[in-house]
Amino acid sequence: MGDEPGPPLKKRRGGIQQRLQASALENAPSTSKLATHLLEEFALGKKSPQECQRLASLAVKDMTAAGVLLENIPVDLRKLSELGSGGRHLNNCYRDIMRMTCRIPSIPMPFSVNIPTKQGDETAGILLPHVMFASMYHHYRAAFGQYIMPGGEDALQEFWTTGKRMPQLANHPILRRANFEARCVPIALHGDEVPTVGRGKVWCKLSLLLSWFSVMAVGVPTLQAMNLIWAHAPQCAVEGPDGTVAVFMRIMKWSFSALFAGTWPRRDWRGVAYEAGSADANRAGEPLADGYFACLIGLCGDLDYCAKFLGHPRWSSHSEPCGLCRATFRGPLTWLNFSENAPWEGTQWTPETWARRPIRSTCPLFEMPGFTSIAVLPDYMHNKYLGYAQYLFGSVFWLLCFVHMAAAPLQNLRTLANFIMSFQNRHRPQHGERYPARTLRKLTMFVKKRDFPKLRGKAGQIRGLEDAMIAMWKRYGDLHTRDGIRIKLLLELSLQCDEILDSHSPADGYWALPPPNAAELVRKQRLLGQLYVQLSESYAAQEVRVFNMSAKLHYCLHSALWADKLHPHLAWCWRGEDLMGRISTLISSCVSGRTDVSATLKAAEKYGLACHYMWSAADGPRRLEGR
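Going by the numbering used here, the sequence shown opens with residue 1153, and the numbers climb by one from there.
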């Protein structure tokens, strides 16, 4: 008798007041623009949950004071105002806001995994690329079309027309996939270090930040184009083949391999089969995105990041400064030789020759079939605007202030600053942004105590200064000596290289430069390199320390040599640098009271919520409760 099922229990409906309140919630408008904005700001670390609750509570009070009935106030705004028991228990606001948003089933959840650190194994949160790819495709189809595959299959086929000839894809398994040109999305991985704690202080802590993006996402805003994967504090990392970064890279190898296969993996990142009946086992082998898949074609980042975390050669080394060829600083394979058919050009690595190297990078990413170290794409932004151009412009300022102009150096600098300001007022920079000439009030803006002159500034500011530098040298420089003429030609060639790239930009549908334009870019880049070397050697003979020789100039030639297969603008790191500044704010909001590693789990949870709102914007507004 006791085991016989009885009549179903009645659902407790509460009293009259509770039923009226529930009815008001059902009939109230579902979304509030203010609530959506507050949740977006919270998810990106710009506002605390307590501040969100306070602002929502004030908005609800204003609306009720204005005569708006409770049932007409949007549900999500009212829920925000009720966080932490209506503000009485502020320490519960974060818990309540995460409980409220966890009802959205489409939010990509971070992958929790134990990784080794100096404090022992700790749980970190990683947003797996293949999970993000599938989540966007199935739940945010419009966002997938705008941020992953803009232009659809036609654009993919146009990209692969030239992209499949990239040197890093020689004999790659993708070339044997049927109809890959219409189904495969080319993606790249970006990484770099960014201050997250004590930003702007000398004692600031850095975090290694990694993200991935679709190479097709040209013209897409940073937050929509770049997808955060993981952030980690290097000072907590354990070195070695089983260290922190190595374990993470093995997880990335597993995730990117699943993306390339286009199906959910059958085993976890350790190679262990999923437990029968588990959610992972049930979907194993199923398509990620109805036949669409992605291929990791490149690794992006500055040369310091590539050397530190990818095992790429150190760019400042004299014996092996380049990871794309066997060039050296001096000797028969010197990269200082920019002439056509220079000996070092015959030593450029291919996937086959790289695989036969006795000593090469041990990064687990390079264990993927067909993926080698030559997939490290030269970053034109860091190599030029934060590379040789800073030394070039700094040397020009030094020569003008200390050699060619008659007044005292500081007075000369003020004259040059006024000239730049006046020039840029009359002529908007063709490229980049205006250089803040008002900052040119101290010689330390380009003078170094123990190093070559180097102009300070952001990459966009250096880029926007090129045409002003030409005009400034013509006005105040020496145009009657061989070196003076070389400097003028060098500045003009630097600008002309940018003009070639901008005239056939990916924004205009050029995934690679047309062959005639690519050949012209290579020719001008060779001339630029030759002039730079000649100037450096000429002034060195005069015992004048200007025009530092940087291997970044060599990497710019590599970018030009590949330009007929992949446009250099597709590999530069403008958006990656922009994302780092934004994610730095997010991580900073998560570190209070937490270890550096556990903060990444909280940051990943919040970033998943941010993705929901960013991706939903492509589909239109959604209810807070989900679909």
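Ideal Cβ placement from N, Cα and C applies to all residues, glycine included.
Is the beta carbon of residue j closer than 8 Å to that of residue i?
| i | j | result |
| --- | --- | --- |
| residue 1143 | residue 1617 | The requested residue 1143 is not part of the displayed model; the chain covers only 1153 to 1779. |
| residue 1235 | residue 1249 | yes |
| residue 1363 | residue 1378 | yes |
| residue 1402 | residue 1382 | no |
| residue 1408 | residue 1284 | no |
| residue 1611 | residue 1732 | no |
| residue 1232 | residue 1254 | no |
| residue 1187 | residue 1208 | yes |
| residue 1367 | residue 1449 | yes |
| residue 1644 | residue 1622 | yes |
| residue 1659 | residue 1716 | no |
| residue 1392 | residue 1398 | yes |
| residue 1311 | residue 1339 | no |
| residue 1839 | residue 1440 | Coverage of the chain is limited to positions 1153 through 1779, which leaves residue 1839 absent and any answer about it impossible. |
| residue 1348 | residue 1743 | yes |
| residue 1678 | residue 1490 | yes |
| residue 1697 | residue 1604 | yes |
| residue 1373 | residue 1760 | no |
Can you tell me the Cβ-Cβ gap for residue i and residue j, rounded? I've got them flagged as a contact below 8 Å.
| i | j | result |
| --- | --- | --- |
| residue 1527 | residue 1451 | 6 Å |
| residue 1343 | residue 1453 | 5 Å |
| residue 1725 | residue 1531 | 5 Å |
| residue 1319 | residue 1502 | 6 Å |
| residue 1267 | residue 1400 | 7 Å |
| residue 1699 | residue 1691 | 6 Å |
| residue 1600 | residue 1606 | 6 Å |
| residue 1665 | residue 1719 | 6 Å |
Could you compute how far the alpha carbon of residue i sits from the alpha carbon of residue j?
| i | j | result |
| --- | --- | --- |
| residue 1780 | residue 1443 | Within the shown structure, residues of the chain are numbered from 1153 to 1779, placing residue 1780 beyond reach of any answer. |
| residue 1769 | residue 1295 | 8 Å |
| residue 1685 | residue 1701 | 7 Å |
| residue 1303 | residue 1437 | 28 Å |
| residue 1328 | residue 1628 | 59 Å |
| residue 1620 | residue 1572 | 6 Å |
| residue 1550 | residue 1582 | 24 Å |
| residue 1459 | residue 1535 | 14 Å |
| residue 1546 | residue 1468 | 19 Å |
| residue 1390 | residue 1529 | 27 Å |
| residue 1414 | residue 1337 | 11 Å |
| residue 1324 | residue 1330 | 13 Å |
| residue 1552 | residue 1688 | 16 Å |
| residue 1537 | residue 1614 | 6 Å |
| residue 1177 | residue 1289 | Caution is warranted here: a pLDDT of 49 is assigned to residue 1177, below 50, making its placement in the model unreliable, and the coordinate value is therefore given only provisionally. Near 31 Å, if we compare the C-alpha coordinates of residue 1289 and residue 1177. |
| residue 1244 | residue 1410 | 38 Å |
| residue 1387 | residue 1218 | 54 Å |
| residue 1371 | residue 1190 | 26 Å |
| residue 1762 | residue 1749 | 20 Å |
| residue 1220 | residue 1239 | 22 Å |
| residue 1193 | residue 1322 | 44 Å |
| residue 1361 | residue 1380 | 8 Å |
| residue 1180 | residue 1210 | Model confidence at residue 1180 stands at a pLDDT of 49, short of 50, so the residue's coordinates are unreliable and nothing is read from them. |
According to DSSP, what are the bridge partners of residue i?
| i | result |
| --- | --- |
| residue 1384 | 1360 |
| residue 1419 | 1425 |
| residue 1263 | 1278 |
| residue 1225 | Bridge partners of residue 1225: none, in fact. |
| residue 1365 | 1340 and 1378 |
| residue 1232 | In the DSSP output, where bridge partners are listed per residue, residue 1232 has none listed. |
| residue 1528 | 1451 |
| residue 1445 | 1336 |
| residue 1268 | 1273 |
| residue 1347 | 1358 |
| residue 1486 | 1480 |
| residue 1389 | 1269 |
| residue 1439 | 1415 |
Assign residue i to buried or exposed, taking buried as 16 or more other Cβ atoms, counted over all protein chains shown, within 10 Å of its Cβ.
| i | result |
| --- | --- |
| residue 1555 | exposed |
| residue 1471 | exposed |
| residue 1639 | buried |
| residue 1429 | exposed |
| residue 1757 | buried |
| residue 1287 | buried |
| residue 1473 | buried |
| residue 1265 | buried |
| residue 1524 | buried |
| residue 1424 | exposed |
| residue 1505 | exposed |
| residue 1275 | exposed |
| residue 1345 | buried |
Please check if any C-beta of chain D sits within less than 8 Å of the C-beta of residue i.
| i | result |
| --- | --- |
| residue 1734 | Here chain D cannot be found, since the structure has a single protein chain. |
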